[in-house]
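In my numbering, the protein residues as written are 38 to 177.
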């Protein structure tokens with residue numbers, strides 16, 4: 038499957054070098070093919086919540102850390118997504134576990150952290166964004 042995508046993407050990227058591809062790792066096959074995906078893509082998106090529905094939940098943290106390590110080694114940006122500040126959808130302050138999760142992701146080498154519901158439908162979108170920024174800057 039990856040070879041087909043590589044052939045399909047090759048000419049497009051050759052014609053337009055400004056085309057950038059971010060691969061979203063949505064299933065076990067993508068995790069297994071990560072090295073090949075890294076060769077083709079320019080960045081990686083790790084949808085942790087989605088992966089938790091198709092892989093054993095107790096392995097998500099290890100998988101996340103491994104993906105970050107491989108992306109850093111390949112000099113490819115890696116963005117983590119899903120429920121970093123989920124409590125802030127309805128509350129003005131995060132849970133301590135959420136703060137630790139963000140801090141750990143930055144310390145592990147994540148290049149970006151994606152807020153979803155916190156800013157899309159949350160009661161405190163600006164507070165969520167500022168909180169995420171403060172925690173990430175502290176970890177940096």
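Cβ atoms here follow ideal geometry from the backbone N, Cα and C, with glycine treated the same way.
Bear in mind that the values here come from a model prediction, so they are computed numbers and not experimental data.
Nearest-angstrom Cα separation, counted from residue j out to residue i
i	j	result
residue 159	residue 132	15 Å
residue 147	residue 60	15 Å
residue 77	residue 113	11 Å
residue 62	residue 100	11 Å
residue 64	residue 162	29 Å
residue 66	residue 143	26 Å
residue 73	residue 165	35 Å
According to DSSP, residues forming a beta bridge with residue i
i	result
residue 59	80
residue 86	According to DSSP, which records beta bridges pairwise, residue 86 is partnered with nothing at all.
residue 115	81
Minimum C-alpha distance to residue i - residue among the options
i	options	result
residue 89	119, 111, 79, 73	119
residue 177	68, 141, 91, 165	141
Under 9 Å between C-beta atoms of residue i and residue j
i	j	result
residue 169	residue 150	yes
residue 106	residue 145	yes
residue 115	residue 82	yes
residue 121	residue 139	yes
Does the stretch 120-127 come close enough to the stretch 142-159 that 3 or more CB-CB pairs lie under 8 Å?
-> yes
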